[in-house]
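First to last, the sequence lines map onto chains A and B.
So the first sequence is residues 8 to 199, counted in the numbering used here.
So the second sequence is residues 536 to 762, counted in the numbering used here.
Where a beta carbon is used, it is the ideal one built from N, C-alpha and C, also for glycine.
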Amino acid sequence: MKLKISLILLFIIQLSFSQTKNKKEERIPKDQFPDQALELINELPTNCKRIRFYKETDGDKKSYEVKFKYQKKNYSIEFSEDGILEDIEVLIKFKNLEKVIRANIKTHFKSYYKTYKLIKVQAQYLYQNDVDFNEFTKYVLNNTKELQPNFEIIAEVREVKKREIKEFTYNSKGEFIKDITLEPESYEHVLY
Amino acid sequence: MSFTKSIITFLASLLGLNIVFTQSDFESLGETAFALNTNISSDCKINFALRSRYYLYQDESFNFENRQIDLVHFSTFSIDYNKSVSFGLQYRFRESIDGGSNELRVTQQFNYTKKREGLRFGHRIRIEQRILNEFTIFRTRYRFALDFPLKGQKLDVNEAYFIGAVEALLSMSKSIRPEFDQRTTVQIGWLLPHQLRLQLGLEYRFEAFNLNTEERLFVLTSAILKI
Numbered sequence: 008m009k010l011k012i013s014l015i016l017l018f019i020i021q022l023s024f025s026q027t028k029n030k031k032e033e034r035i036p037k038d039q040f041p042d043q044a045l046e047l048i049n050e051l052p053t054n055c056k057r058i059r060f061y062k063e064t065d066g067d068k069k070s071y072e073v074k075f076k077y078q079k080k081n082y083s084i085e086f087s088e089d090g091i092l093e094d095i096e097v098l099i100k101f102k103n104l105e106k107v108i109r110a111n112i113k114t115h116f117k118s119y120y121k122t123y124k125l126i127k128v129q130a131q132y133l134y135q136n137d138v139d140f141n142e143f144t145k146y147v148l149n150n151t152k153e154l155q156p157n158f159e160i161i162a163e164v165r166e167v168k169k170r171e172i173k174e175f176t177y178n179s180k181g182e183f184i185k186d187i188t189l190e191p192e193s194y195e196h197v198l199y
Numbered sequence: 536m537s538f539t540k541s542i543i544t545f546l547a548s549l550l551g552l553n554i555v556f557t558q559s560d561f562e563s564l565g566e567t568a569f570a571l572n573t574n575i576s577s578d579c580k581i582n583f584a585l586r587s588r589y590y591l592y593q594d595e596s597f598n599f600e601n602r603q604i605d606l607v608h609f610s611t612f613s614i615d616y617n618k619s620v621s622f623g624l625q626y627r628f629r630e631s632i633d634g635g636s637n638e639l640r641v642t643q644q645f646n647y648t649k650k651r652e653g654l655r656f657g658h659r660i661r662i663e664q665r666i667l668n669e670f671t672i673f674r675t676r677y678r679f680a681l682d683f684p685l686k687g688q689k690l691d692v693n694e695a696y697f698i699g700a701v702e703a704l705l706s707m708s709k710s711i712r713p714e715f716d717q718r719t720t721v722q723i724g725w726l727l728p729h730q731l732r733l734q735l736g737l738e739y740r741f742e743a744f745n746l747n748t749e750e751r752l753f754v755l756t757s758a759i760l761k762i
């Protein structure tokens, strides 16, 4: 009887593993990363730590991401499927933003939501083709003022009855560009 | 994938320990649960579970013997994205199975999580009133749990995850001396399509270690379905 149950369980697991995967993020070894992107990554400063490679699949669309730590800050560089640089993101603290930018963002939240709570704040440097990659990364990693980043904020917002987690994008002045609703992460497997 | 393999090896070796235990105060039990979760609103979710517990190893020999069946309900209210309070009601059927006391259990819970990249830490405080036929036990417990996906930083469908937890429990009652318990749990789970999760794991319990320690190894299996 027990053997039968385990066999059925195994069968279910096998069946579901063989189904097509729609959206997926996974850590991959360096050698599976696009060559063109690796060439750029090799030019990063040598004291970048904890370099990790990720691949994201969303339907037919693929993208690649490398994450690392440099001078105590967390960076991630996104590449397209062909290894073309798209943007660099760096984790920052909201309180370290300029006062004007902070005020603009807060005004936006206050005017649209009853309450809000910031979960993650990132500065996003979109790559412009007219700049050399090395110059670009140098500017970003040294946090020089030459480049104007966007700000990507993940926040929990509450309207009258609904609570949602959203990702907001603001421009370098703190003006709202767009938002998308994120699926709340489930904690159900450990809750109870 | 090698990480998954090493965890499975670790679990299997723990399971192997079970066989070499010879103390008479050691028991091994199995616990199988089926849970249903559903969201009522963005602030409230409810959970129902049916759980059975059975002896696998007892009095220095392997045998299968049912011990109890639990019917469990939890209502959880989110305070915000990482804090929640829950209220639970559980009925344990034991009298007709192994002659022990049936039990009504009322639970109040606070849960707090913190996320760092793929790692998630969870702190859970529970207060329980275990109403038995003869007396009532008041129990407080604190659990620290850690979970992470085994592939990348986000748990996607068809991916496995790991959960590790340690929990300290203090039981008090008018008729028995205060009792301290300690539990350590490791589990591997799979998130399958249609919001189904399967979990397999082991829990090692040191029960009443301030009085007369009883050691128990639980083999945990569960299926959790979200509807």
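Closer than 9 angstroms to chain B by CB, residue i
i	result
Tyr-77 (chain A)	no
Tyr-61 (chain A)	yes
Lys-113 (chain A)	no
Simplified DSSP state of residue i, which is helix, strand or coil
i	result
Ala-743 (chain B)	coil
Asp-633 (chain B)	helix
Glu-46 (chain A)	helix
Leu-148 (chain A)	helix
Gln-21 (chain A)	Low per-residue confidence applies at Gln-21 (chain A): pLDDT is 49, beneath 50, and the placement is therefore not dependable, though the value from the model is reported in the following sentence. Note: Gln-21 (chain A) maps to helix in three-state DSSP.
Asn-54 (chain A)	coil
Arg-109 (chain A)	helix
Glu-166 (chain A)	coil
Asn-141 (chain A)	helix
Phe-645 (chain B)	strand
Lys-69 (chain A)	strand
Under 8 angstroms from the C-beta of residue i: neighbouring residues of chain A
i	result
Gln-688 (chain B)	Glu-32, Arg-34, Tyr-61
Interface flag, residue i vs chain A, CB-CB below 9 angstroms
i	result
Phe-692 (chain B)	Note that residue 692 (chain B) corresponds to Val in the displayed sequence, not to Phe. Val-692 (chain B) counts as touching chain A.
Ser-708 (chain B)	no
Ser-613 (chain B)	yes
Heavy atom of the ligand ADP within 8 angstroms of residue i beta-carbon
i	result
Gln-643 (chain B)	As for the ligand ADP, it is missing from this structure, which has no ligand bound.
Partner residues on chain B for residue i, Cβ-Cβ distance less than 7 angstroms
i	result
Lys-106 (chain A)	Correct list: empty, because the minimum Cβ distance to chain B is about 26 angstroms.
DSSP bridge partner residues for residue i (one or two, in chain order)
i	result
Leu-571 (chain B)	B:Phe-583, B:Leu-760
Pro-684 (chain B)	B:Tyr-696
Ser-596 (chain B)	B:Gln-593
Glu-702 (chain B)	B:Arg-678, B:Arg-718
Leu-755 (chain B)	B:Glu-566, B:Gly-736
Ser-613 (chain B)	B:Ser-619
Arg-588 (chain B)	B:Glu-566, B:Gln-603
His-658 (chain B)	B:Tyr-647, B:Phe-679
Thr-122 (chain A)	A:Arg-165
Ile-187 (chain A)	A:Glu-174
Cross-chain neighbours of residue i in chain B, by beta carbon under 8 angstroms
i	result
Ile-126 (chain A)	Tyr-616
**Study point:** Where the segment 157-190 of chain A meets chain B: residues whose CB sits under 8 angstroms from a CB there
**Key:** Glu-163, Lys-168, Lys-169, Arg-170, Glu-171, Ile-172
Point to revise | chain A contacts from the segment 563-593 of chain B (Cβ-Cβ distance under 7 angstroms) | key: Asn-572, Ser-577, Asp-578, Asn-582
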